[in-house]
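Peer 1: Residue numbers for the sequence shown follow the numbering used here, beginning at 1069 and rising by one.
For every residue, glycine included, the Cβ atom is placed at its ideal position computed from N, Cα and C.
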Amino acid sequence: MFRQATHRNYVSNVKIKDKVVIITGSNTGVGYATAEDLAMRGAKVILACRNPQRGLAARDKIIQSTGNKKIIFKQLDLSSFKSVRDFADDILKSESRLDILINNAGILNVGNYLTADKLPIEAQVNHFSPFLLTMLLLPLLKSSAPSRIINVSSIFYIFGNVDNLDKQTKSSILGRYVERVYSNTKLANILFTRKLSEHLKSTRVTANCLHPGAVSTDLFRNRRFTDLWFSWFINLTANQGAQTSIYLAIDPSLDSVSGKYFSNCREVTPIKKARDDNAAERLWSLSEDIVFSKNKEL
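1. Grab me the residues of I1189's own chain with a C-beta within less than 8 Å of its C-beta, minus the 5 sequence neighbours each way, in chain order.
2. Please classify V1220 as buried or exposed, where buried requires at least 16 other C-beta atoms within 10 Å of its C-beta.
3. So, do the stretch 1096-1106 and the stretch 1124-1139 have three or more beta carbon pairs nearer to each other than 8 Å?
4. Am I right that I1339 and N1276 are in contact with their C-beta atoms under 8 Å? What's the rounded C-beta distance?
5. What does a CB cutoff of less than 7 Å around S1353 pick up in its chain, not counting 5 residues either side in sequence?
6. Tell me the DSSP secondary structure of L1182 in three-state form.
7. Looking at the strands, I want to know which residues DSSP matches up with N1171.
8. Between F1070 and A1306, what straight-line distance do the alpha-carbon atoms span, to the nearest angstrom?
9. Looking at V1283: is its Cβ nearer than 7 Å to the Cβ of L1255?
10. Identify, in the order they occur along the chain, each residue of the same chain with its Cβ nearer than 6 Å to the Cβ of N1095, setting aside the five sequence neighbours on each side.
11. Using the Cα positions of A1347 and R1262, report the straight-line distance between them to the nearest angstrom.
12. In terms of residue numbering, what span does the beta strand (DSSP E) encompassing F1141 cover?
13. Which partner residues of E1104 appear in the DSSP bridge assignment?
14. Is it right to say V1336 is buried, meaning 16 or more other beta carbons lie within 10 angstroms of its own, or is it exposed?
15. Helix, strand or coil for E1335? Go by DSSP, reduced to three states.
16. Closest to S1211 by CA distance: which of V1079, K1112, I1168, D1344 is it?
17. Could you tell me the distance, in whole angstroms, from the CA atom of N1171 to the CA atom of L1205?
18. Do you know offhand how far L1106's Cα is from I1130's?
19. Anyone know if the C-beta pair for S1215 and V1273 falls short of 7 Å?
20. What do you reckon, are the CB atoms on I1258 and A1310 nearer than 7 Å?
21. Going by other Cβ atoms of all chains shown within 10 Å of its Cβ, with 16 needed for buried, is H1075 buried or exposed?
22. Out of curiosity, what's the CA-to-CA distance linking V1325 and K1186?
23. Mind checking Q1132: buried by the 16 CB within 10 Å criterion, or exposed?
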């Protein structure tokens, strides 16, 4: 297909054998493909996944395919702030450094219900918990600098709005295929990255985000794609979708690049609302209020 033919594969001989990498949602899809590639390059890769059975299976498979035994599974349920805190505490105790954090995990169309933290589940998993996880791991990232934070967004951000992200919504876009809250969270990923990069100036920690491409992965397992047009739209493989994440994680030319949005291994300019500094500031304040008010001990 044309979209596959025009997709770029990132080619590099860069090795990262002394680096420690955390990838959320890395037992399948783009996250798994990213983890396998970075493991092949020698990194210590921590698979942060909700399901222990799938996480351990992914760990064993990556060890077998790469010969790299420095692959670790740690449980992380992004629908729970307690799980995020427990995971971060574990990392801070067990790891002396953290070079790359890839907030890859995401969910779509899993139902319009609230988590135990009283947040819409897609909003919590796709934005608020990654926000909290990043804040908790920042001290380790800073002490390991130069280091990188990578947030996986989506082209669906163009339909998003981050006002009242913590509130439920039942509206959808593209008919029944994508709930509005998903697009809202994907816009939040970009605005969070933009604001985070400001906070990280002079720290030698960078933050960038990306659209992985129209990838057919488990993200869409809750939808039956019977329409020919939509089946055509999501036609990239997980390995193809991982290329921009890999590029952002290791390419030497990006050592001082921060706050940017990438697609197909290239920096692109997002539409105006994803460059709205006022919206980014409001989102940051909302996110801090939510994760700190629900985590009094932080």
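Peer 2: To lay it out plainly:
1. S1147, I1175, V1178, G1179, Y1181, L1182, T1183
2. buried
3. yes
4. Contact doesn't hold; Cβ gap of about 17 Å is too wide.
5. none
6. strand
7. N1219
8. A caution first: F1070 carries a pLDDT of 41, below 50, which makes its placement in the model unreliable, though a value can still be read off. Spanning the two alpha carbons is a distance of roughly 17 Å.
9. no
10. C1117, R1122, G1123, A1126
11. 11 Å
12. 1139-1143
13. Paired residues: none, contrary to the question.
14. exposed
15. strand
16. I1168
17. 12 Å
18. 10 Å
19. yes
20. no
21. buried
22. 36 Å
23. exposed
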